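Residue numbers (this note's numbering), protein chains in the order written: chain D, 889 to 1005; chain F, 494 to 606.
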């Protein structure tokens, strides 16, 4: 079974600074998807960014980017120019390149990010 | 599209009562997932459906839990009888196909007293 580990329960960063959230995963598969979801106090789970394992290029979405190290099974999220609205729980998630019966999304335990004004 | 819609947003019930949580996935999405979130166990997949058919229910805690998807636009998660340890936030999510991300509803916070 696949597992996702987020070793930083809490992180904080000064507004406008850059912060990196860590995620490692364990799998025997070669093709899969990785995601970062954000959960603000409103409780809504919001997709931040996704990465396909077969793509070598790291995904970016505006101020959000990932450092995907496939051999190390590492998938960190970098937030540049942190804003107060970035304060939330961040979850790393894994999904096999789906074949029938194996499409579930497995989550890490989350990292609570605090933005210091 | 309005996104994944869950109801109710909050539910408080007494131990032993039946609880039904509802979900309307995004139109056109083939997959529907039910997750439970607790402080102790994080986000756990309970069950998921593909084209209204349950595919994997191995995460359903016990026989008190059941889920149905009678059509492509509606699913329910029922707990009967409910217990205090069932208190959690229950999320419904849907995805268009097996290669796309899941979109989540706002969750139902269930409190069993």
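C-beta: ideal position from N, C-alpha, C; glycine also. As the structure is a computational prediction, the values presented were derived from the model and not from experiment.
Let me make sure I understand the geometry here. Which of the options has the alpha-carbon closest to that of residue i?
| i | options | result |
| --- | --- | --- |
| residue 571/F | 496/F, 497/F, 506/F and 495/F | 506/F |
| residue 933/D | 1002/D, 1005/D and 998/D | 998/D |
| residue 518/F | 532/F, 595/F and 604/F | 595/F |
| residue 971/D | 895/D, 890/D, 901/D and 978/D | 901/D |
| residue 910/D | 940/D, 983/D and 979/D | 979/D |
| residue 502/F | 892/D, 926/D, 931/D and 921/D | 931/D |
| residue 604/F | 561/F, 568/F and 513/F | 513/F |
May I ask you to report which of helix, strand or coil DSSP gives residue i?
| i | result |
| --- | --- |
| residue 525/F | strand |
| residue 985/D | coil |
| residue 556/F | coil |
| residue 996/D | coil |
| residue 518/F | coil |
| residue 579/F | helix |
| residue 921/D | strand |
| residue 950/D | coil |
| residue 500/F | strand |
| residue 938/D | strand |
| residue 906/D | coil |
| residue 957/D | strand |
Does chain F have any CB closer than 8 Å to the CB of residue i?
| i | result |
| --- | --- |
| residue 973/D | no |
| residue 909/D | no |
| residue 979/D | yes |
| residue 952/D | no |
What residues match up with residue i in a beta bridge as DSSP calls it?
| i | result |
| --- | --- |
| residue 549/F | 541/F |
| residue 535/F | 531/F |
| residue 586/F | 526/F and 597/F |
| residue 1001/D | 899/D and 976/D |
| residue 1049/D | The first residue shown for chain D is 889 and the last is 1005, placing residue 1049/D beyond what the model contains. |
| residue 568/F | 516/F |
| residue 602/F | 503/F and 582/F |
| residue 592/F | For residue 592/F, which the question treats as bridged, DSSP gives no partner whatsoever. |
| residue 561/F | 569/F |
| residue 927/D | 977/D |
Residue i CB to nearest chain D CB: under 8 Å?
| i | result |
| --- | --- |
| residue 521/F | no |
| residue 515/F | no |
| residue 505/F | no |
| residue 600/F | yes |
| residue 546/F | no |
| residue 584/F | yes |
| residue 595/F | yes |
| residue 539/F | no |
Would you grab the beta carbon distance between residue i and residue j for me? Rounded to a whole angstrom, and I think it's under 8 Å.
| i | j | result |
| --- | --- | --- |
| residue 576/F | residue 532/F | At roughly 17 Å, the Cβ-Cβ gap does not stay under 8 Å, so residue 576/F and residue 532/F are not in contact. |
| residue 535/F | residue 963/D | Between residue 963/D and residue 535/F the Cβ distance is about 17 Å, and since that is not below 8 Å, they are no contact. |
| residue 845/D | residue 968/D | No information on residue 845/D is available, as it lies outside the stretch 889 to 1005 that chain D covers here. |
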